[in-house]
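Under the numbering used here, the first residue of the sequence shown carries the number 389, and numbering increases by one thereafter.
Beta carbons: idealized from backbone N, C-alpha and C, even for Gly.
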Amino acid sequence: MQPTLAGLFLIPICSPMSPILRKRLLWLHTWSGLTIGVFILFLALTAAGMVMRPTLARVLYSDLHVVDSCEKPRPLDALAEQARAAHPADLIVSVEMKTDPTESVGFKFGNKDLVYLDPCSARVLGTQNMYSGVFGASEWLHRLYFLPDRKPGLTLMGWVDTICLVLLVMGGLALWWPRNRLALSAALRFNPRLPEPARTLNLHRVLGIYTAIALLVMTFTALPLAFDTVKRSIYDAAGYVPEKAPRSAEPPEGTRRMSMDAFWHRTQALVPGIEQVSLFYPDKKNAAFEARFVTKDSPHTQAKGYFFMNAYTGETLRLDDYAKDQQLGRKIYLYLLALHTGAIWGLPYQLLLLAGVLGAAVQTYSGVVPYLRRKLGRQKEQGLTLVLARRSQEPGGVAVLEFRHPKGLPLPSFTAGAHIELQLGTELRRSYSLCNDPLDKLRYVIAVQLHPASRGGSRAVHQNLKVGDRVRTSLPRNHFPLDMSASHSILLAGGIGITPIMAMAHHLDSVAAPFELHYCTRSPQHAAFMDALSQPPLARRVTHYFSDSVGGSRIDLDATLHQAEPGTHVYACGPERFMDAVAEAARRNGWSDGQIHREHFQGGAFTAENNAEFEVQLVRSGKVVRVPKDRTVVQALAASGVVIPVSCGEGVCGTCVTRVCQGVVEHRDKFLSEMERLRNDRFMPCCSRASGKLVLDL
């Protein structure tokens, strides 16, 4: 036997799902939601109005529905005359009544207008079209009455329901299904403390379970309404053959039809306990009067009985009491209709359906928004393709590279202290600070020193990149920004740390902000950018320190940072020991941590010493990966098929920063601030570890 499509998606609920099947199912689930999500949202929101109409219409439109009760209401024929006078342009099609003495009487006309009257005073309360107002418009939209031909629209709606049932609801359940009892408990609870986008995805999964019941009911019960074949199948399975409405015999010439009141009294006499009724009083010569009624003991408001009466003689043509006369096939269909429209079990069930349809709206949001965030994030990550337009050499083994747009177009702007990431090979990415003036819109300039113990980045730049080469880069990012509210800035550069400091000096000078620059190198022969720093406008702001030169001197950090003035900020970039010395001197002299800024070029080397083994769980797939002592999280995930983009690999650049959903992080990076570490909602998988199990937004 060939498996059904629904069966293929139900299999994973009862058995472990292979990664390939999960990936394909996730793709189907995502794209079906994105492509038909708007239509589902439309159906859900319009269904909300239909579901709550029986309960709220009387409350919101009390001026049309609520009247004072009286002992002797006016005859229906007298009320009809008043209704015709208020609406003379059309014929009355039916009378809509409830036996509640505080309920008005509605006369429906051919154009679907309802004229409401007080049955005691015959006063016209107002007119409202069936498909106007909040609830009427919801039904008009939901039933696709705005289409010239509703049949194709209903068929389309049926197919949307089918796709929703199989791919979205059942597929979503299969993807959600937890692997164990502990995971089940977590999967049923919303965690508002998760960072974004993990919180939105958590809402999508948890809310999906609670809305799935309502959505399954609504989509399943919509099928016989949308597809005649489904409706006929129900009738055929139960042996039900619908009967045509009987007709009145041809009356003798001059015979008058019976009055509305006579028809209503005859209906009440045959059917005791009527709660609401629609009396159809057709104007055709041989048409029968028809009453569609719901009694007080009916199981739901769609459980209608039918009474047909000869319009001239009062003879009973047919009486179909729901409980006694209607066949099983018809009852099944009406029961499904009641489930779909909320016409059963009163307000509690209506609220359940309302929660389901509103939940579908939230599901659309919480499913689409994270996807768009990821797509936009990936597009942002894709960056630029630039051409190496110029290359020069500075002292100290420093290569200066100037990148431009291949077509000479302006480049995305950047701020002082920013960097770009260069893709130097398939798996080789490195970040380098921009050192030119941020006002320069046509080029990005970086300076790369050849490191003796290069791990591939500086060697690739020095040996492989040639003028005319095209290089893939990221957009500029800034983890070392200037605080432009500072009253004064002290810039401290050690060796190649001059690169971001150069951009800061250019920017501060261009905005006439007060600053001073202290540049520490071994000798003038090891100092990059000496020409630029020796000429206006920067020359008067720079102090040089040459530690190995005759007559040279080292910087006295305590003298330079002797007093912490309010509003003054210090920026340090260079070797780790240099920046540590700057930070220690600043703190000794009363500088707060908020006034001290530093840019790391290199992190600590990875070592397995004192490491503990731990587990990482990926929240999107549920996969659990063991991280051994001698591997980083990046390496362990890569071995299991999950690749995280990495640049420096030392916790410096921030390329691999990842959201943390649960767990305690052991931070070993140089990228996150102390405040960011205390929040415990992100970490650097290239170097940091965890105490116990770590749940990541991957």
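Would you kindly work out how many angstroms separate the C-alpha atoms of residue i and residue j, rounded to a whole number?
i       : j       : result
Tyr721  : Leu595  : 30 Å
Cys1075 : Asp871  : 29 Å
Val855  : Leu1025 : 37 Å
Phe576  : Gln738  : The sequence as given places Leu at residue 576; Phe does not occur at that position. Cα-Cα distance, rounded: 23 Å.
Pro687  : Ala711  : 9 Å
Gly498  : Tyr504  : 15 Å
Pro840  : Gln851  : 13 Å
Arg1047 : Gly882  : 33 Å
Arg778  : Pro888  : 19 Å
Val1040 : Leu416  : 38 Å
Phe495  : Leu741  : 30 Å
Arg1056 : Ser877  : 29 Å
Arg1067 : Gly1080 : 17 Å
Gln697  : Leu589  : The residue asked about is misnamed: residue 697 is Met in this sequence, not Gln. Near 59 Å, if we compare the C-alpha coordinates of Leu589 and Met697.
Cys458  : Cys508  : 6 Å
Lys673  : Gly702  : 15 Å
Gly546  : Ala610  : 7 Å
I'd like to confirm the pairing. Which residues does DSSP put opposite residue i in its beta bridges?
i       : result
Ser482  : Lys496, Phe668
Asn852  : Per DSSP, none; premise fails for Asn852.
Ala675  : Arg635
Gly1010 : Answer is none; Gly1010 lacks a bridge partner.
Leu422  : Answer by DSSP bridge pairing: none, since Leu422 is not bridged.
Ala947  : Partner(s): none; Ala947 has no beta bridge.
Glu809  : Ser819
Val1053 : Ala1078
Gly693  : Phe681
Gly514  : Tyr504
Val522  : Answer is none; Val522 lacks a bridge partner.
Ala1000 : Per DSSP, none; premise fails for Ala1000.
Thr1046 : Phe1071
Tyr832  : Phe791
Asp465  : The partner list for Asp465 (beta bridge, DSSP) is empty, contrary to what the question assumes.
Does the separation of the CB atoms of residue i and residue j fall below 8 Å?
i       : j       : result
Ala835  : Val786  : yes
Val1022 : Cys1049 : no
Leu789  : Leu853  : yes
Thr689  : Pro442  : yes
Leu1006 : Leu1084 : yes
Leu705  : Pro640  : no
Gln811  : Arg847  : no
Ile622  : Pro630  : no
Leu1086 : Arg1070 : no
Val809  : Ser862  : Residue identity check: residue 809 is Glu in the sequence provided, not Val. Yes; because the gap between Cβ atoms is below 8 Å, this pair is in contact.
Gly1051 : Ala1078 : yes
Leu879  : Leu905  : yes
Met438  : Thr752  : no
Ser636  : Tyr700  : yes
Val682  : Ala676  : no
Gln714  : Ala626  : no
Leu464  : Asp685  : no
Tell me whether residue i sits in a helix, a strand or coil according to DSSP, three-state version.
i       : result
Gly1037 : coil
Val713  : Just to set this straight, residue 713 is Asp in the shown sequence, not Val. Coil, per DSSP.
Asp549  : helix
Ser1079 : strand
His530  : helix
Glu703  : coil
Val659  : coil
Ile601  : helix
Asp685  : coil
Arg976  : helix
Asp1018 : coil
Val756  : helix
Gln923  : coil
His592  : helix
Tyr721  : helix
Tyr737  : helix
Arg472  : helix
His914  : helix
May I ask whether a heavy atom of the ligand NAP can be found less than 7 Å away from the beta carbon of residue i?
i      : result
Tyr959 : No copy of the ligand NAP appears in this structure; indeed no ligand is present at all.
Take every Cβ of the region 426-443, pair it with every Cβ of the region 741-755, and state whether three or more of those distances are shorter than 8 Å. With three or more CB-CB distances shorter than 8 Å, the region 426-443 counts as touching the region 741-755.
Spell out a yes or no on whether the region 945-957 and the region 975-986 are touching, meaning 3 or more CB-CB pairs, one atom from each, closer than 8 Å. Yes, the region 945-957 touches the region 975-986.
Can you confirm whether the region 511-519 touches the region 408-421 when touching is taken to mean that 3 or more C-beta pairs between the two stretches lie within less than 8 Å? Of all C-beta pairs linking the region 408-421 to the region 511-519, fewer than three are shorter than 8 Å, placing the two stretches out of contact.
If you pair each beta-carbon of the region 554-562 with each one of the region 609-627, do three or more pairs fall below 8 Å? Cβ pair count under 8 Å is below three, so no.
Any 3 or more C-beta pairs closer than 8 Å across the region 663-670 and the region 483-495: Contact annotation: the region 663-670 touches the region 483-495, with at least three C-beta pairs closer than 8 Å.
State whether the region 815-825 contacts the region 905-915, with contact taken as three or more CB pairs (one from each stretch) at a distance under 8 Å. Output reads no: the region 905-915 does not touch the region 815-825.
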